[in-house]
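Colleague: Here the protein sequences come in this chain order: A and B. The opening position of the first sequence corresponds to residue 66 in this note's numbering, with each subsequent residue numbered one higher. The opening position of the second sequence corresponds to residue 66 in this note's numbering, with each subsequent residue numbered one higher. I have a structure I would like to understand better, so I am pasting it below and will then ask my questions one at a time.
Number of protein chains: 2
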Amino acid sequence: MSAKQGAPHSTIKLAPRDTIGILGGGQLARMLALAAASYGLKTHIYAPEEDSPAFEVSSTFTCAAYEDELALERFAKSVDVITYEFENVPLATASSVSRFAPLLPEAQALAVTQDRLFEKTRLQDLGLPVAPFLAVETPEQLEQALQTLKMPCILKTRRMGYDGKGQVRVSSREDLQAALNLLAHAPAILEGFIAFNREISVIGARSQEGEFVAYDVCENIHTHHILAQTTVPAQLLETTRQKAIDMAQSIAHSLNYVGILAVEMFVVRTPTGETLIINEMAPRVHNSGHWTLEGAQTSQFEQHIRAICGWPLGSPHLLGDVRMRNLVGDEAKTWESCLSDPYASLHLYGKADIREGRKMGHITWVMPPKSSSKPV
Amino acid sequence: MSAKQGAPHSTIKLAPRDTIGILGGGQLARMLALAAASYGLKTHIYAPEEDSPAFEVSSTFTCAAYEDELALERFAKSVDVITYEFENVPLATASSVSRFAPLLPEAQALAVTQDRLFEKTRLQDLGLPVAPFLAVETPEQLEQALQTLKMPCILKTRRMGYDGKGQVRVSSREDLQAALNLLAHAPAILEGFIAFNREISVIGARSQEGEFVAYDVCENIHTHHILAQTTVPAQLLETTRQKAIDMAQSIAHSLNYVGILAVEMFVVRTPTGETLIINEMAPRVHNSGHWTLEGAQTSQFEQHIRAICGWPLGSPHLLGDVRMRNLVGDEAKTWESCLSDPYASLHLYGKADIREGRKMGHITWVMPPKSSSKPV
């Protein structure tokens, strides 16, 4: 799956020994830094949290607030390109650093994805399928939107939502108070509830020259709104698979995107086949792509590094039937039994404290392909 | 290939977030640190060279001389187990640090392998096949030894030799002056020259409990005494393959060894089959095992970490037909074309200066197994 299209980015090209700046210091930054190191690149991590897991594997780190203009300037001047590990980097931060070094993916990817209203609107403008939605700021607007969309609905804060945070399901009038409480804190959007059959994601990469490649489509299971398991390839009709990748590609081209882009979608079975609805997207490496470390010729972390460095994209070739399971909270305590499974590859993120709902690590199994798990 | 035997080591057991100390800061330490990081472990690198490639990916580093007792003590007290990336760590250094933290593999592995005379003698004592050899310290002893072993011979310094450094081939009287020059600097051994057909290596790991597992046997090609290429599996008779692994295992057990051990051997074709002669061994992860990063279920770096942490050994399962090519000196300048090969995995070590004979990186290709490259 490869196609060159859309506007090329003004070319930035790094050489080995150059330095990649990363905003954010969690496990995604950590795995990006490890991939960069395997290419002989240096990394400089910028994050406000003192115990950021990525600090431990980076060449340099800056522990400072995203509002610290002086620290941001010093950071940006010390690197050759800047990227980020999460979409909630403040736009002002992105703007500050991009005065001193190129920022990839560009800030517009942040602007679009850090606000659900902007994101949904952009997808709709591209002619892509999303759940029906309405912007809601007041109790009156909520009441009106519920009349229009019909329950069940989901009320989501427009900003700073992830892993199910900032969401309330409104199935009946009894859920209304919880919804009003959420709305009292932040503007939101109300979305019609989609009764989906499967959740999938497309992990794709776009180069500075406009080339787009995608990994095999991932099938995801969430538990308590947190990704629990990914299997690849997803069980999909071939036409659905192709449509999912085409949609991710058209988003990437429309944003003049550079790097790894993740697009989460719902699959709804219909009398005649399958329909896709885009749930959300992430302008970064993604949890549902962690399996690529062992399961693909090029990992998503290497691929992101290649794209932002102006290097040729790597092959996304799938190496077997893949299952990835997250180790969330106390599940991390099973690390020892994971090590005894001869087929399992264990990854731990070096986080000091186990907390409920905290992603501590993951395990990947790659098996020789079986006919049963091929696309139907 | 797995067998439990020999004396178990007194058990040391680390947990994720514990710290591994590594003596030496080159590419082997760098790749060990990356493997440790993927398991959530921290690393502390100790090396005298300011531009040590491993410093960039470690949680902590100490840049100090191997004779700096105070720095060694501080280093050793800050870690939970200590290992090394090369066999020329001074024994006094090993002894100093092991007063404060467990050293694995134990210092006796250093003592044996850093002196060719001790190494050859130990192998001979184990009943293992080595080239005929004689200790040589004076011109008279050299003359005598040449009479006994017959030319061609190879004169090698007993200590500090690697990648062909400290070796002179003596094929005729014309080579004698070069041999005398070498001998003037250091005690040596004279070895009978082996007209081998293939060079192979066994990369094995032994756990603290005495379990031994080996990777598929590697076939190596050296250019100017530096490893140029490794292919796996080696083209060998099944009996030779098994014998090679058995020999590595008996060395590991005899040293009460913990970690990755590499044993290089010559294969000599005979009228009735193949004979093996052990060339040398290395008490550490080894260049001919770099392919395990992509080509085996568990990489040699992960395996070494598992062994010294007291964790279960991982599966050495081979994932395909493998070729690994070193990027030596100027070959590193081909990095960009390597990135364009969809089947190649590129690794660069982050070294600042390209120098002749310097190992700058490597490339691995893993292909679905073909019948032609199976053991004959």
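Heads up, the beta-carbon is just placed ideally off N, CA and C, and yes, glycines get one too. None of these values were measured; they are calculated from a predicted model.
Expressed to the nearest angstrom, what Euclidean distance is found between the alpha-carbon atoms of A/L175 and A/M225?
Modeller: 12 Å
Colleague: Counting contacts by CB-CB distance shorter than 7 Å, is A/C403 in contact with chain B?
Modeller: no
Colleague: Do you know offhand how far A/A317's Cα is from B/V393's?
Modeller: 38 Å
Colleague: Let me know the beta strand (DSSP E) ranges lying completely inside the region 140-189 of chain A, each 3 residues or longer, listed in chain order.
Modeller: As far as the region 140-189 of chain A is concerned, its whole beta strand (DSSP E) runs of at least 3 residues are 146-149.
Colleague: Specify whether the region 301-315 of chain A and the region 145-162 of chain A touch according to this definition: at least 3 beta carbon pairs, one from each stretch, less than 8 Å apart.
Modeller: Output reads no: the region 145-162 of chain A does not touch the region 301-315 of chain A.
Colleague: May I have the straight-line CA-CA distance separating B/I40 from B/S410, to the nearest angstrom?
Modeller: Any property of residue 40 of chain B remains undetermined from this structure, which presents chain B solely from 66 to 441.
Colleague: Taking 7 Å as the threshold (beta carbon to beta carbon), is A/L301 in contact with chain B?
Modeller: no
Colleague: Helix, strand or coil for A/R423, going by three-state DSSP, please let me know.
Modeller: coil
Colleague: Under 9 Å between beta-carbons, which chain A residues line up against B/R82? List them in chain order, please.
Modeller: L413, G415, K416 and A417
Colleague: Answer yes or no: does any C-beta atom of chain A fall closer than 7 Å to that of B/P377?
Modeller: yes
Colleague: Please report how far the alpha carbon of A/K416 lies from the alpha carbon of B/I325, in whole angstroms.
Modeller: 28 Å
Colleague: With three or more C-beta pairs closer than 8 Å as the rule, is the region 207-222 of chain A touching the region 232-239 of chain A?
Modeller: Yes, the region 232-239 of chain A touches the region 207-222 of chain A.
Colleague: Determine the direct distance from the alpha carbon of A/A270 to that of A/E256, and round the result to whole angstroms.
Modeller: In a straight line, the C-alpha of A/E256 is about 28 Å away from that of A/A270.
Colleague: Ignore the nearest five residues each way along the sequence and tell me which others in B/A136's own chain have a CB closer than 7 Å to its CB.
Modeller: Only T127 and A129 meet the Cβ criterion.
Colleague: Please confirm if the region 81-99 of chain A is in contact with the region 116-123 of chain A, defined as three or more CB-CB distances below 8 Å between the two stretches.
Modeller: yes
Colleague: Just to make sure I have the definition right: I need the residues of chain A whose C-beta is within less than 7 Å of the C-beta of B/V122. Which are they?
Modeller: A102 and V122
Colleague: Using a beta-carbon distance below 7 Å, is A/P433 in contact with chain B?
Modeller: No Cβ of chain B is located within less than 7 Å of the beta carbon of A/P433.
Colleague: Got a sec: is the Cβ-Cβ distance from B/G90 to anything in chain A below 7 Å?
Modeller: no
Colleague: So, using beta-carbon positions, are A/P167 and A/V146 closer together than 7 Å?
Modeller: yes
Colleague: To the nearest angstrom, how far is the alpha carbon of A/E208 from that of A/Q242?
Modeller: 12 Å
Colleague: Just mark B/G379 as buried or exposed, buried being the case when its beta carbon has 16 or more other beta carbons within 10 Å.
Modeller: buried
Colleague: Kindly list the residues whose CB is nearer than 6 Å to the CB of A/M432, restricted to its own chain and excluding five residues on each side of it in sequence; keep chain order.
Modeller: G385 and D386
Colleague: Do you know whose CA, among B/L79, B/S163, B/A397 and B/Y131, lies nearest B/Y108's CA?
Modeller: The residue asked about is misnamed: residue 108 of chain B is Thr in this sequence, not Tyr. Here the closest residue by C-alpha is B/L79.
Colleague: Are the CB atoms of B/S266 and B/S364 nearer to each other than 7 Å?
Modeller: no
Colleague: Counting contacts by CB-CB distance shorter than 7 Å, is A/S117 in contact with chain B?
Modeller: no
Colleague: So, at 7 Å on beta carbons, what are the nonlocal neighbours of A/A313 in its own chain, with the 5 sequence-adjacent residues on each side left out?
Modeller: V267, G269, A279, L326 and V328
Colleague: Just reading off the beta strand (DSSP E) that B/A100 is part of, what are its end residues?
Modeller: Looking at the DSSP string, B/A100 is not in any beta strand (DSSP E); the run it does join, the alpha helix (DSSP H), is Q92 to S103.
Colleague: Between A/I419, A/I254, A/E171 and A/R238, which lies nearest to A/Q206 when the distance is taken from Cα to Cα?
Modeller: When C-alpha distances from A/Q206 are compared across A/I419, A/I254, A/E171 and A/R238, the shortest belongs to A/I254.
Colleague: Can you grab the Cα-Cα spacing for the pair A/A309 / A/L193, in whole Å?
Modeller: 10 Å
Colleague: Show which residues of chain B have a CB atom less than 8 Å away from the CB atom of A/L407.
Modeller: A small fix is needed here, since residue 407 of chain A is Pro in this sequence, not Leu. The answer, in chain order, is Q362, G379, S380 and H382.
Colleague: Restricting to Cα atoms, I'd like to know which of A/S405, A/T296, A/H287 and A/F277 is closest to B/P61.
Modeller: Because chain B here runs from 66 to 441, residue 61 of chain B falls outside it and cannot be looked at.
Colleague: Kindly provide the ranges of any beta strand (DSSP E) runs that are 3 or more residues long and lie completely inside the region 263-303 of chain B, ordered along the chain.
Modeller: 263-271, 276-279, 283-288 and 291-297
Colleague: Expressed to the nearest angstrom, what Euclidean distance is found between the alpha-carbon atoms of A/I286 and B/R420?
Modeller: Distance between the alpha carbons of A/I286 and B/R420 is about 51 Å.
Colleague: Mind checking which residues open and close the beta strand (DSSP E) that includes B/S410?
Modeller: A409 to L413
Colleague: From what residue to what residue does the beta strand (DSSP E) around B/H351 run?
Modeller: No beta strand (DSSP E) contains B/H351, which DSSP labels as neither H nor E.
Colleague: So who's on the other strand from A/A327, going by DSSP bridges?
Modeller: A/I268 and A/A347
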